[in-house]
Structure formats: structure tokens, C-alpha cells
Amino acid sequence: MDFDLSEEQRLLKESIDGLLTDAYDFDARKKYMKEKGGWSKALWGRLAEQGLLGLPFAEADGGFGAGAVETMIVMEALGKALVVEPYLATVVIAGGFLRHGGSAEQKAKYIPGIIDGSKTFGFAQLEKNSRYDLFDIVTTAKKKGDGWVIDGEKFVVLNGENADVLIVTARTKGGQRDKSGIGVFLVPADAKGVTKKGYPTQDGLHAADITFTNVEVGADAVIGDPENGLPLIERVADEARTALCAEAVGAMDESLKETVEYIKTRKQFGVAIGSFQSLQHRAADMFVALEQARSMSMFATMASDFDDAKERSSAVAAAKVQIGKSLKFVGQQSIQLHGGIGMTMEAKIGHYFKRLTMIENTLGDTDYHLRRVSEGGGLLA
Amino acid sequence: MDLAFTKEEIAFREEVREFFKNNVPPETRRKLQEGRHLSKDEMVTWWRILNKKGWGVSHWPKEYGGTGWSSVQHYIFNEELQSYPAPQPLAFGVSMVGPVIYTFGNEAQKKHYLPRIANVDDWWCQGFSEPGSGSDLASLKTKAERRGDKWIINGQKTWTTLAQHADMIFCLCRTDPAAKKQMGISFIVFSMKSKGVTVRPIQTIDGGHEVNEVFFDDVEVPYENLIGEENKGWDYAKFLLGNERTGIARVGVSKERLRRIRALASKVESGGKPIIEDPAFREKLTACEIELKALELTQLRVVADEGKHGKGKPNPASSVLKIKGSEIQQTTTELLMEVIGPFAAPYDEHGDAGSNESMDWTAQIAPSYFNNRKVSIYGGSNEIQRNIISKAVLGL
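From first to last, the protein sequence lines stand for chains P and U. According to the numbering used here, the first sequence is numbered sequentially starting from 1. According to the numbering used here, the second sequence is numbered sequentially starting from 1001.
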């Protein structure tokens, strides 16, 4: 049992923290968000240069063969700096599908573009009525010759507006809520029949609602088994949730720091408001919430090594529950302790709150995951 | 980063489990599972079994009878002990006064007291709190006056846990009334059988008798019963309280209770089916299990950190463990109350196997709920713990 980072992991943390300290202060972030597409290609290029976009891929595929802990380190740093670039959608999610389900040809075709920063991805999964159930799919993929024809509507596809390639979940068989008969498809974003309606999200990211109308793709577009894609989707979703937990820990950590700093300097009644016990206790409770979240982020990260899929997903779901509770408390109280200034767009703290809030509702909220753990028989078992 | 225990640690856990299985008296275990109070004999019997095995004072230095275990081994031992469940060693002797004596005491004191603590030849109690000195402990008034080769002690202590069983007390006494409040306090130990010591029981809201008031009326104590230096008692008290980290979160206790809740909730019916099948109840239980898992990991992080970097100064993380640990313990007793619902009502005045046989298994649930309100008050209330976090961690 060991919670320390290895020497290499420590260096990775220093390197990404260094890069973001240098290139990603709050003003830089504002500039990046105004660039075309809403994020910085130049910054993305720097992440690629430092090898951060190739971390999780096998050395044989041109990557560094890093594991879940390295992703945790990166995501925590991205959370601290409130990075808007599409690391989750591209490296974690699309990368996850390719690593765990991709054929040799698919890996050769797509992974180099992720690693060198030339291609980004979007995960087209959410549907009008699916909410958080990954298997609830109406979009269809019908066999046509060797290939497939995809029809349907997907919503809030992160990075969907800018992505070069979309990863689309679609039903190849059965009814809307069947767990079998689901396929995962790689679809070029400029394929005929793909129409996108892009928009910024509450937290300053970008997403799109995407309609697929008679979109034809080849046989080589399927990742894994076209009739049994759910285990792969769940595995990748668990990795994405784990990454989100780490990102949230980074954002909470920074929120607490900013808040403590603020109440140490803000004076009322002639003294720093941080000298008032009611505020001190609130900050102490925020610290407790943060540490509990950090523990569960580590737990989810280490659970990726669990052999048993049920145990793994139950650990990740439990982590998402803890993170959801903690982020709500830390996020809300950060605003409260800042007072009026916390309500302004100008102050950084509100942007942490908004990102944290969106994290809760991505890939399953607190209630959803609590129900999953509960229906799975609890966590002690 | 690696969550797994090593092969050696797993083997150690098996050894500990096996030992408990073969050596904890079944009646003792059953009483603990049902939240009943143990008799003095039952506790002492078990502690001597533990001491014979060499595990009675496991975290002490080896030269005084400790085991030399790693932090992780201590963690495993505590966790297994709490979740079996078996009685934990008497904290007042083993975790509190023992370490003060082997750290600050003289050779004669070490030689006399330490083996007696390990074998519970003396039952120790703690003379810290006073009616006017709770969270503000340093305001204490109990006075020890030097007279020749004796101390003359006058005053009153309160919340003295299990003083009714105690042979010895370690006591914070004011020895220099002129000094600033933390400076004039000494750490003195003496026999509870001394002339002038009176113990008066306090009945708590659960109906039980765990705590007492203790009065000192011209109690004569040999001067040599002073531990360490005169007027340095506050430092020793801080050392003692900061030392009480292992097991402070009582994760094993809560685990055992959560297992019990699941078992009971599968038996007790509501609306024609077991309560465990009610999603609302089950989600509350699951939420508590998740909180506990997070706490367990937070505790493991502290344990791993101690293993790597040594115990050193009191770790403010122990305040997190105390706050969350006590909240979770309280939640588990609330959930038990919820399971038994209307059958929480019958009160068994004698606090043992119910007068109503059919209610036997529920008899201690409400008292245990009432009793557990104490865990966020004692050992530095949760509000004091928040003060510690805000000052020591956040720098406020």
C-alpha cells in the first residue's frame, strides 16, 4: 500500500504544473476561449510537444504506456488551471476506445493524430431521453453492404463542434433500452449527413448537438463487436468518470486555496473576515470535503487495476458520488465566502464553481451513481 | 501508488483474524455486536489474553513490550480488532498514560508502571476535564500543593470514563497558580484508593454508567508521583492527545455496524418486504458506506504517510478523521434506529438482556443511538477539531 507518486510521476506533475503556471493563468484562459472554436491550438500543441497527449497509449502505438495514475495527475492539473482544451474528449475518451477496443488498423490510423495534436475527437453518446444510461440508445446503425448507415440525434457532444472525428454509439439490434445490440462507430465529422449545431457550455467549454442523417461509414468504422459494444463503452466511461473526479479534485483544491486567501485579506469591521469562527469552520468543512474527495479520486484511479468489472465500476460510481457531494459543498461555499465578488464573471472563483457544477452532471450525477452502487449491493459487500 | 497490501501484510491480517477467532470469548463478542456494556472482568480477561500474546501494547517501543509493527500492520490490527469486534485496549492506560510515562517518566516509573499497564494490573482513568474546563481545558482549577515530600490535591474532575473500575488516575493539576494558565500545570498520577478520593456516577441519557465525577479532598500523594517536570504538564497533555491517532476514525467499528444494519434490514419487514428492498433506505445506507470508504482511504493515506515520514508532530489530518469518523458512527446508529422503527421504544432499565425476550435484539439500539451523540463531543469536540484545521492547516 502506497499513496506516494513515483519519481517519474512526480516529474510529470512538476512538468504539467509548470507548463500551466506559465501558460494558463486566468487572463490567458480568457484569451484562449476567444480563439476560433473556443480553445487554443497553440496550447494544445504545447501539450503535444511535452508528450502529454500521448501519455496513456502503448509504446508500440507511439505513446508512453502510462497508467491511470498519470492521467489522474494530468487531470488534476487541468482542473486547477480550468483548462478548456479537449483533453477528456480526445485523449481520455477517444483514446480509451482506441486503446481498449481498436483494431491494429484503427490504432495506426487514429492514435498518431491524437499524440501529435493534429486531431481532436468528440464522444456522441447522449440522446434526448437517455439521460445517464449509456445503453439507452435510439440512434441506429444499419448494415449496408460491408458498411453501416447511421441515423439519429446526439446532444451535448463535448468538443463536438471542433472534433475531426466523432465516436458514436448506435443501436445495431433490439430496442431502446436493450443492453445488447449496441455498436461504437468512428465517424469523420465532415462525413456526408452529419450536421452540427455548436454552442458554448456553462463552464466555458464547447459542445454541439449533432444529427446523423443517412451517414454511411465503412466496415472499418466499427470499434470492437458491433452487437456487444456496451462493456467497452462502460469501461471507457469509467475511465472518463475517474478522470473527471481528478479534475474536480484539482478544481476544488484551487477553489479552497483561493477562498482561504480571500478571507485572509478581505477586511470588514476592521479585521480580516477569516478571523471569524463561522467562516473558519466553513473553510475547515471545505477541507474535510476536499480530502474525502481526494481519497475517493485515488480509489477510483487505483480501481482501474481491479480485475472484476463490477467491482471496478462500483468503485468508480462511489467515487463519483463522493466527488459530487464534495464539489457541490466546496463550490457553493467558495462563492458564499467570497460574498458579492464571488458572483461576478470577473472573479475566477465563479468559474471553478461552474466547471465543478458541470462535472457533477457529466456521465452520471450523484443520485445516479448512488443508485448504481445501491442496486449493486452496496460498497461493503 | 498502489492500494494493495503486500503478501506479508495479507498473511499478517490472516494471523490476526485467526487469533481473534480462536481467542475472543464469544459472549464478549456478542455483547459488543449488540452494543451492550461489558463487565470489568470481561474486558480485563480479554486484555490479558491479548497481552499474553504480546499484542497488548502493540504500538509501544519494543523495549517496553511493543511489537515493532509497521504503520500498516498497526492499521490492520486495529481494523480487524474493531470489526471482529473485540474490545479495544484500555486507551487511558495503553494509548495515553503509557506513552507519557515511557517518554517523560523516570526509570523507576517506567519499571513500575509500564508492565502493570500492559497487563491491566492497574485500571487507569483520565483526570482532565473539570466542570468549568471542557474545551478550555487549560483553565482547570484542581490544585496540587507541595508539602514536604507530598502533594496535597484538592478539586474536582468530571466525565471520568469508567472511574468506577479504576485503580489509578493520571491527573492534570495546577501547581503554580501565579503562572499563565498553560504554564502552571503538572501531570501527577495516583491511586484512586487514596484517602479523600470520591467517585460519584453520572448517568448518561442512554441510561448507562460510563462516566463519573471524581472529587479530591486533601488527597495525599507522594511527590515522586509527578511525571516529568513540574509545571510542564500541559506539554505532556498535548503530546498525549496528539498521540491518540491510531483508530481515532473507528472505521472498523462503523464497518461492523454497517454489516449489522444490512443483516437486520434484510430481516425486518416494512410494507410486506424487507426494509433493505426500500430504495430510499438502501440509498441512505449506501451513502454511508461510501462516506466510510472515503474515510478509510483518508486514514490509510495518513497511515502510509506516517510509515514513510515517521509520526513526528501531531498530524492535523487526525482532525479530519475525528470529524468524519464521529459523524459516520452517529449515522450508523441513526440507521439502526430507522431499521427497528417502533421497536426502539421499550426501555430496559438494567441495560441487559431485555425483560421482553422478543425484544432482546433491539434492546440496545436506542441507547446506543443516544450514547453515540458523545463521539462528536469527547476527545476535542468537532468544533475544536475545526478550529485546529482552520489554524494548523489553512492558516486562518
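Here a beta-carbon is modelled for each residue, glycine too, at the ideal position from N, C-alpha and C.
{"Item": "Contacts that U:T1298 makes with chain P (C-beta to C-beta distance below 7 Å)", "Value": "E291, Q292 and S295"}
{"Item": "Whole-Å CB distance - U:F1239 paired with U:V1219, under 8 Å assumed", "Value": "U:F1239 to U:V1219, Cβ: 25 Å. No contact."}
{"Item": "Rounded separation between U:I1384 and U:L1140 - CA only", "Value": "17 Å"}
{"Item": "Helix, strand or coil at P:H369 [DSSP, three-state]", "Value": "helix"}
{"Item": "Residues within the region 1013-1036 of chain U neighbouring chain P, beta-carbon criterion of under 8 Å", "Value": "none"}
{"Item": "C-beta contact flag for P:A251 and P:K80 at 8 Å", "Value": "yes"}
{"Item": "Length of the line joining the Cα atoms of U:V1024 and U:N1051", "Value": "13 Å"}
{"Item": "Within 7 Å of chain U by C-beta, residues of the region 317-344 of chain P in sequence order", "Value": "A318, V321 and Q322"}
{"Item": "C-alpha gap between U:L974 and U:E1338, whole angstroms", "Value": "Because chain U is modelled from 1001 through 1396, residue 974 of chain U falls outside the range shown and cannot be assessed."}
{"Item": "Local Cβ density within 10 Å of P:M343, reported as buried at 16 or more and exposed below that", "Value": "exposed"}
{"Item": "contact_flag[the region 1044-1060 of chain U, the region 1083-1093 of chain U] where n(CB pairs < 8 Å) is 3 or more", "Value": "yes"}
{"Item": "Contact under 8 Å by Cβ, P:W39 with P:G117", "Value": "no"}
{"Item": "Residue from P:D365, P:E346, P:F353 and P:L370 with nearest C-alpha to P:K30", "Value": "P:E346"}
{"Item": "Contact the region 285-305 of chain P vs the region 218-229 of chain P: 3+ CB pairs below 8 Å", "Value": "no"}
{"Item": "Sequence-distant residues of the same chain with beta carbon closer than 8 Å to P:T259, five excluded per side", "Value": "A283, M286, Q333, S334, L337, H338 and I349"}
{"Item": "Cβ of P:V373 within 8 Å of any chain U Cβ", "Value": "yes"}
{"Item": "Closest by C-alpha distance to U:A1280, when choosing among P:L370, P:G174, P:R99 and P:I114", "Value": "P:L370"}
{"Item": "Contacts around P:A58, its chain only, beta-carbon distance under 8 Å, and the 5 residues preceding and following it disregarded", "Value": "G65 and R99"}
{"Item": "U:T1158: first and last residue of the uninterrupted alpha helix (DSSP H) it sits in", "Value": "Element bounds for U:T1158: n/a, residue is neither H nor E."}
{"Item": "Contiguous beta strand (DSSP E) assignments of at least 3 residues, all confined to the region 161-230 of chain P", "Value": "165-171, 182-188, 194-200 and 206-217"}
{"Item": "Spatially closest choice to U:A1166 from U:G1127, U:G1228, U:V1393 and U:A1138, by CA coordinates", "Value": "U:G1127"}
{"Item": "Cα-Cα separation, U:M1183 to U:L1172", "Value": "12 Å"}
{"Item": "Contact check, P:L232 vs P:V184, beta carbons under 8 Å", "Value": "yes"}
{"Item": "Listed by chain order, chain P residues near U:R1386 by CB distance under 8 Å", "Value": "Q280, H281, A284 and D285"}
{"Item": "U:K1255: contacting residues in chain P (beta-carbon distance under 7 Å)", "Value": "L380"}
{"Item": "Closer than 8 Å to chain U by CB, P:G274", "Value": "yes"}
{"Item": "Assigned secondary structure, U:D1217 (DSSP; H/G/I helix, E/B strand, else coil)", "Value": "strand"}
{"Item": "U:E1256 versus U:F1020, U:Q1033 and U:E1008, residue with shortest Cα-Cα distance", "Value": "U:Q1033"}
{"Item": "Same chain, Cβ closer than 6 Å to P:A317, five either side skipped, listed in chain order", "Value": "H369, R372 and V373"}
{"Item": "Identity of the residues DSSP links to U:W1124 by a beta bridge", "Value": "U:M1168"}
{"Item": "Any non-hydrogen atom of the ligand NAD within 7 Å of P:H100 CB", "Value": "What this structure holds is no ligand at all, so the ligand NAD is not there to describe."}
{"Item": "Nearest residue (CA-CA) to P:A48, options P:E105, P:T90, P:V149 and P:K325", "Value": "P:T90"}
{"Item": "Whole-number beta carbon distance between P:I93 and P:L53, since they are thought to touch under 8 Å", "Value": "With a Cβ gap of about 13 Å, P:L53 and P:I93 do not count as contacting."}
{"Item": "Cβ-based contacts, 7 Å cut-off: residues of the region 178-204 of chain P near chain U", "Value": "none"}
{"Item": "Where P:V271 meets chain U, residues with beta-carbon distance less than 9 Å", "Value": "Residues of chain U passing the Cβ test: none, with the nearest at roughly 12 Å."}
{"Item": "Beta-carbon proximity list for P:V215, same chain, < 8 Å, skipping 5 on both sides", "Value": "V149, I150, D151, V187, A191, K192, G193 and V194"}
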